[in-house]
Amino acid sequence: MEKTVTEAIHYRRSTRVYKAEPIDDQKVKHCLKNATLAPTSSNLQLWEFYHITDKATLKQLAEACFNQSAVKTAQQLVVVVARKDLWRKRAKANIEFLNTVYNKPNLSERDLKRKKMATDYYAKLVPTLYIDCFGLLGFIKYIVFQIVGLFKPIYRQTRLSDMRIVAHKSAGLAAQNFMTSMAAVGYDTCPMEGSDTLRVKQILKLPRGAEINMVISCGIRDDKGIYGPRFRVPFEEVYVAV
Ligand SMILES: Cc1cc2nc3c(=O)[nH]c(=O)nc-3n(C[C@H](O)[C@H](O)[C@H](O)COP(=O)(O)O)c2cc1C
8 MEKTVTEAIH
18 YRRSTRVYKA
28 EPIDDQKVKH
38 CLKNATLAPT
48 SSNLQLWEFY
58 HITDKATLKQ
68 LAEACFNQSA
78 VKTAQQLVVV
88 VARKDLWRKR
98 AKANIEFLNT
108 VYNKPNLSER
118 DLKRKKMATD
128 YYAKLVPTLY
138 IDCFGLLGFI
148 KYIVFQIVGL
158 FKPIYRQTRL
168 SDMRIVAHKS
178 AGLAAQNFMT
188 SMAAVGYDTC
198 PMEGSDTLRV
208 KQILKLPRGA
218 EINMVISCGI
228 RDDKGIYGPR
238 FRVPFEEVYV
248 AV
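Under our numbering, read the sequence shown as residues 8 to 249, first letter to last.
Here it is as C-alpha cells:
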C-alpha cells in the first residue's frame, strides 16, 4: 500500500548508497507520470524527463556526476531537463487543447470570452515574455517593464536569466513530485546538481537549448546510504505569519 503524502515526505531522504536490489522501471515511470502533474508556469510544461536504465549509459552518467556513490550505486537515474527552448511548441499545444475544450456548437458568451482570453494569453502574452535575442530583447523588456512598474503593478521577470529561472522553478516542482511519489512506493532517490552538465547533455544527446535541472538517482536505500539524522533549521526561523 502506498504511503500517505505526509508519510512519504517524512520517509524521503537523500540516499547516497543503494542496495544492489533492482527496482521496477514501470513503477519509476508511474512516478514520472505523477511528476508531470506538478503545476507549471503558464502550464507550458517546459520540461523533459530522461529515465535511464541502460547500464552503459548509467556508467557514463556516473562519471559525469563525479562518481558520487549516490549515482555509482543507483539502479536507475532520472534526469530532469528544463526546455525553455520549447515554449513555442508548448504554447501551440495549449492553444490546440483550448480548441478541443471549446469545440462545441453554440458557445455561451462567457465561454467565448474565456476562450479568447486564454487563446490570447498563449498567442500574444507568452510570446511577448519568451521571445528574446541573446538576452537583448529580454533586457529591453525589463527596462520598459520597470518604468511601467513605477506607475502600476507589473510582471518584472523578463530577462533571459529570469525566464531560465521560471523554467527551472517548474522543473524543480516536478522533481519533488517525482521524489515524493517514489518515497510513497518505498523507493529512494537523491537529487543532484553536482554534475558536469555539459557532459550529461552530450551523453543524453540533448540540444543546445536544453538545460539540466537535476539528476536524480533511484534505488532502494542501504541503511549506510542515509548520512545521519535529518537537519533542518528551526521552523520558527523560516516561518513568518503575516
Ligand atoms: C537542487 C539540489 C541539489 C543537490 N545536489 C546534491 C548532490 O550533488 N549530491 C548529493 O549528495 N546531494 C545533493 N543534494 C541533496 C541535499 O544535500 C539534501 O537534500 C539535503 O542535505 C537535505 O537532506 P534530505 O534530502 O535527506 O532531507 C541536492 C539537493 C537539491 C535539492
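By construction, the Cβ of each residue, glycine as well, lies at the ideal position given by its N, Cα and C atoms. Nothing here was measured: the structure is a model prediction, and the numbers come from that model.
query: Cβ neighbour criterion (16 or more within 10 Å) applied to residue 137; result: buried
query: Strand pairing of residue 83, partner residues [DSSP]; result: 225
query: Any non-hydrogen atom of ligand 1 within 6 Å of residue 201 CB; result: yes
query: Nearest-angstrom beta carbon gap, residue 220 and residue 133 [assumed within contact, 8 Å]; result: The Cβ separation is near 20 Å, so there is no contact.
query: Unbroken beta strand (DSSP E) run spanning residue 127, endpoints; result: From DSSP, residue 127 is part of no beta strand (DSSP E) but of the alpha helix (DSSP H) over 116 to 127.
query: Helix, strand or coil at residue 199 [DSSP, three-state]; result: strand
query: Same chain only: Cβ atoms within 7 Å of residue 69, ignoring 5 sequence neighbours per side; result: 78, 79
query: Status (buried if at least 16 other CB within 10 Å, exposed otherwise) for residue 160; result: exposed
query: Proximity of residue 60 and residue 32 at Cβ, strictly below 7 Å; result: yes
query: Residue 228 beta carbon less than 7 Å from that of residue 13; result: no
query: Start-to-end residues for the beta strand (DSSP E) that takes in residue 57; result: 54 to 59
query: beta-carbon residue 90 near ligand 1 non-hydrogen atom, thresh 6 Å; result: no
query: Residues bridged to residue 25 (per DSSP); result: 228
query: Cβ-heavy atom distance, residue 160 to ligand 1, below 6 Å; result: no
query: Range covered by the alpha helix (DSSP H) that runs through residue 189; result: 167 to 191
query: Three-way DSSP call (helix, strand, coil) for residue 240 in this model; result: coil
query: Length of the line joining the Cα atoms of residue 204 and residue 81; result: 18 Å
query: Distance, residue 75 Cα to residue 207 Cα; result: 14 Å
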